[in-house]
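Asker: Below is one structure. I have some questions about it.
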Amino acid sequence: MKKSLKLITLFFIISSFGVMAQDKNFHSFTVEDIDGNEFQLANLAGKKILVVNVASKCGLTPQYEDLQKLYEQYGGDDFTIIGFPANNFMNQEPGTDEEIKTFCTVNYGVSFPMMSKISVKGDDIHPLYQWLTQKEENGVMDAKVKWNFQKFAIDEEGNLVKMFTPRTKPMDEEIIAWITE
4 MKKSLKLITL FFIISSFGVM AQDKNFHSFT VEDIDGNEFQ LANLAGKKIL VVNVASKCGL
64 TPQYEDLQKL YEQYGGDDFT IIGFPANNFM NQEPGTDEEI KTFCTVNYGV SFPMMSKISV
124 KGDDIHPLYQ WLTQKEENGV MDAKVKWNFQ KFAIDEEGNL VKMFTPRTKP MDEEIIAWIT
184 E
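Just so you know, we're using my numbering here: the sequence shown kicks off at 4 and counts up by one.
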């Protein structure tokens, strides 16, 4: 009897760790937008969200064009894209927020929400990206950011559901299927 009680107690303790990781979700975070304003991700509840770390001087930078196309086609009440400029890979996003905003607007007509530049890996990783990349935080998967334009899919409830590699193009059928399912 005592052994069964210990096993049951252990089960509940282990189960509670999984629940704690899932208590925090994407909507739990507040970030800063590219204009320096507070942006509460909870305001996006009810939408699917594609989170992308972006850079202006990368071989994958032309993905901005398809990200904008994807946003124009599917963005609205049910879906949005959020860009997070990051300078973590070979100094490919060296500009200020103002310079990044101008680059994205002038060259690609970006109208989806862009946030202030952050770090997506390393010792200074932003707390949101800690959550996105660590299973102990998000309850789903470990997903190290490998390069610029890695994409994270967030469901309407703020849960991480999948990750797309940097080379997965924004208009890829798997991304569109996820948005429209």
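Just so it is clear, CB atoms sit at the ideal spot from N, CA and C, and this is done for glycine as well. Computed from a predicted structure; not experimentally measured.
For Lys60, list the residues DSSP reports as bridge partners.
Answerer: Translated into the one-based positions of the sequence shown, residue 60 becomes position 57. None, per the DSSP bridge assignment.
Asker: Would you say Lys72 and Glu96 are within 8 angstroms of each other, going by their C-beta atoms?
Answerer: Position 69 of the sequence shown holds residue 72. Position 93 of the sequence shown holds residue 96. It is not a contact, given that the beta carbons lie outside the stated cut-off.
Asker: Answer yes if the stretch 126-134 comes into contact with the stretch 96-109, meaning at least three C-beta pairs across the two stretches below 8 angstroms, and no otherwise.
Answerer: Output reads no: the stretch 126-134 does not touch the stretch 96-109.
Asker: Pull up the distance between the alpha-carbon of Thr64 and that of Met93, whole angstroms please.
Answerer: Indexing the sequence shown from 1 puts residue 64 at position 61. Indexing the sequence shown from 1 puts residue 93 at position 90. Approximately 14 angstroms between the Cα atoms of the pair.
Asker: Could you give the DSSP three-state label for Asp80: helix, strand or coil?
Answerer: In the sequence shown, counting from the first residue as 1, residue 80 sits at position 77. Looking at Asp80 - three-state DSSP - the assignment turns out to be coil, as it is neither helix nor strand.
Asker: Which first and last residues belong to the beta strand (DSSP E) in which Lys154 is found?
Answerer: On the sequence shown, position 151 is the one that residue 154 refers to. Lys154 to Ile157 is the extent of the beta strand (DSSP E) around Lys154.
Asker: What is the residue span of the beta strand (DSSP E) that Leu163 lies within?
Answerer: In the sequence shown, the residue the question calls residue 163 occupies position 160. That run of the beta strand (DSSP E) goes Leu163 to Phe167.
Asker: Please determine if the stretch 141-158 and the stretch 48-55 are in contact, where contact requires at least 3 C-beta pairs separated by less than 8 angstroms.
Answerer: A contact exists between the stretch 141-158 and the stretch 48-55.
Asker: Report the CB separation of Val123 from Asn91 in whole angstroms; it is logged as a contact under 8 angstroms.
Answerer: Counted from its first residue, the sequence shown places residue 123 at position 120. Counted from its first residue, the sequence shown places residue 91 at position 88. Their Cβ separation, rounded to whole angstroms, is 5 angstroms, which keeps Val123 and Asn91 in contact under 8 angstroms.
Asker: Where does the unbroken alpha helix (DSSP H) through Phe106 begin, and where does it stop?
Answerer: Sequence index remark: in the sequence shown, residue 106 carries index 103 (1-based). Its alpha helix (DSSP H) spans residues Asp100 to Tyr111.
Asker: Helix, strand or coil, according to DSSP, for Ile121 in the structure here?
Answerer: Here residue 121 corresponds to residue number 118 of the sequence shown, with the count starting at 1. Three-state result, Ile121: strand.
Asker: Among Glu139, Leu163, Val164 and Pro130, which one has its Cα closest to the Cα of Phe32?
Answerer: Here residue 32 refers to the residue found at position 29 of the sequence shown. Considering only alpha carbons, the answer is Pro130.
Asker: Can you tell me whether Asp36 is helix, strand or coil according to DSSP?
Answerer: Mapped onto the sequence shown, residue 36 falls at position 33. It is a strand residue.
Asker: Which of helix, strand or coil does DSSP assign to Ile179?
Answerer: Against the sequence shown, residue 179 aligns to sequence position 176. Ile179: helix per DSSP, three-state reduction.
Asker: Along the chain, where does the beta strand (DSSP E) that runs through Gln43 open and close?
Answerer: As a first step, residue 43 is located in the sequence shown; it is residue number 40 there, counting from the start. Run containing Gln43: Glu41 to Gln43, per the beta strand (DSSP E) assignment.
Asker: Would you please state the rounded distance, in angstroms, between the beta carbons of Ala89 and Lys120? I believe it to be under 8 angstroms.
Answerer: Position 86 of the sequence shown, counting from 1, holds the residue named residue 89. Position 117 of the sequence shown, counting from 1, holds the residue named residue 120. Confirmed, Cβ separation roughly 7 angstroms.
Asker: Quick check: the Cα distance between Ala24 and Phe42, rounded to an integer number of angstroms?
Answerer: Taking the first residue of the sequence shown as 1, we reach residue 24 at position 21. Taking the first residue of the sequence shown as 1, we reach residue 42 at position 39. Caution is warranted here: a pLDDT of 47 is assigned to Ala24, below 50, making its placement in the model unreliable, and the coordinate value is therefore given only provisionally. Distance between the alpha carbons of Ala24 and Phe42 is about 23 angstroms.
Asker: Report the rounded CA-to-CA distance for Glu176 versus Tyr77, giving the unit in angstroms.
Answerer: Indexing the sequence shown from 1 puts residue 176 at position 173. Indexing the sequence shown from 1 puts residue 77 at position 74. Distance between the alpha carbons of Glu176 and Tyr77 is about 13 angstroms.
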